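Below is one structure; the comments refer to it alone.
In our numbering, the protein residues as written are 956 to 1131.
Now the structure itself:
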């Protein structure tokens, strides 16, 4: 980015598409507005981390997705739900809580996409191993050497871990 002001303008120009994405994630207009504000604030305070020439919109969507996931995880860990009565009491009632599979569904979609992006030579033995086939069985069925099966499964895992590194714990990401 040429200047701080130009970066700010480009970030704020993306608020409309960010709002649409936030609505998909939250299904609530107020929460979506909060999520957009949190995303813009985080992007502006971390401007130095943005590499010039990369996809700004993709960077902002990643920030938003991570904020959404982290808020969701915190809410699930606390198990505290807001009572909407006039007194605004906080209750800890798991009996009336409804499970939100949004995070799990989003993660599974990303895993499927990452696996679909693997080369067939890596994906096939990896999926067979995941399905419970022994290395020897995979080698026989695919008619390739046992060592090749092991290398391909190892490379598939490495590639998937790289593509899905956002799901590693923060301290593990720093070590890598």
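The beta-carbon is built from N, C-alpha and C at its ideal position, and this holds for glycine as well.
A quick note: this is a predicted structure, and the numbers were derived from the prediction, not measured.
Could you compute how far the alpha carbon of residue 973 sits from the alpha carbon of residue 1002?
Counting from one through the chain shown, the residue named residue 973 turns up at place 18. Counting from one through the chain shown, the residue named residue 1002 turns up at place 47. Roughly 17 angstroms between the two C-alpha positions.
Taking just the CA atoms, how far does residue 1013 sit from residue 1076?
As a working note, residue 1076 is residue 121 in the chain shown. As a working note, residue 1013 is residue 58 in the chain shown. Each residue's Cα considered, the two are about 29 angstroms apart.
What span of residues does the alpha helix (DSSP H) with residue 1121 cover, start to end?
As a first step, residue 1121 must be located in the chain shown, where it is residue number 166. Per DSSP, residue 1121 belongs to no alpha helix (DSSP H) and is neither H nor E.
Please state whether DSSP places residue 1098 in a helix, a strand or coil.
The count along the chain shown starts at 1 and reaches residue 1098 at position 143. Looking at residue 1098 - three-state DSSP - the assignment turns out to be coil, as it is neither helix nor strand.
Let me know if residue 1128 comes out buried or exposed under the rule of 16 or more other beta-carbons within 10 Å of its beta-carbon.
Position 173 of the chain shown, counted from the first residue, corresponds to residue 1128. Reliability of the predicted coordinates at residue 1128 is poor, the pLDDT of 49 falling under 50, and no value is obtained from them.
For residue 960, does the three-state DSSP call read helix, strand or coil?
Within the chain shown, residue 960 is the residue found at index 5, counting from 1. Note: residue 960 maps to helix in three-state DSSP.
Counting beta carbon pairs with one atom in the region 1055–1065 and one in the region 1083–1101, are three or more of them shorter than 8 angstroms?
no
Output the distance between the C-alpha atoms of residue 1105 and residue 1120, rounded to the nearest integer angstrom.
For this step, residue 1105 is matched to residue 150 along the chain shown. For this step, residue 1120 is matched to residue 165 along the chain shown. The alpha-carbon atoms of residue 1105 and residue 1120 are separated by roughly 22 angstroms.
Could you give the uninterrupted runs of the alpha helix (DSSP H) lying entirely in the region 1058–1086, keeping only those of 4 residues or more?
1075–1085
With three or more C-beta pairs closer than 8 angstroms as the rule, is the region 992–1000 touching the region 1008–1023?
yes
So the candidates are 965, 1005, 1018, 1029; which of them puts its Cα closest to the Cα of residue 991?
What you label residue 991 is simply residue 36 of the chain shown in a count that begins at 1. Closest by alpha carbon: 1018.
Have a look at residue 1118 and residue 1094 and give me their C-alpha separation to the nearest angstrom.
In the chain shown, residue 1118 corresponds to position 163, counting from 1. In the chain shown, residue 1094 corresponds to position 139, counting from 1. So the alpha carbons of these two residues sit roughly 26 angstroms apart.
In three-state terms, what does DSSP make of residue 924?
A query on residue 924 cannot be resolved here, the shown segment of the chain reaching from 956 to 1131 and no further.
Around the C-beta of residue 1163, are 16 or more other C-beta atoms found within 10 angstroms, so that it is buried, or is it exposed?
Residue coverage of the chain in this structure runs from 956 to 1131, which leaves residue 1163 outside it and unanswerable.
Using alpha carbons as the reference points, say which of 958, 1108, 1061, 959 lies closest to residue 1027.
Against the chain shown, residue 1027 aligns to sequence position 72. The residue with the shortest Cα to Cα distance from residue 1027 is 1061.
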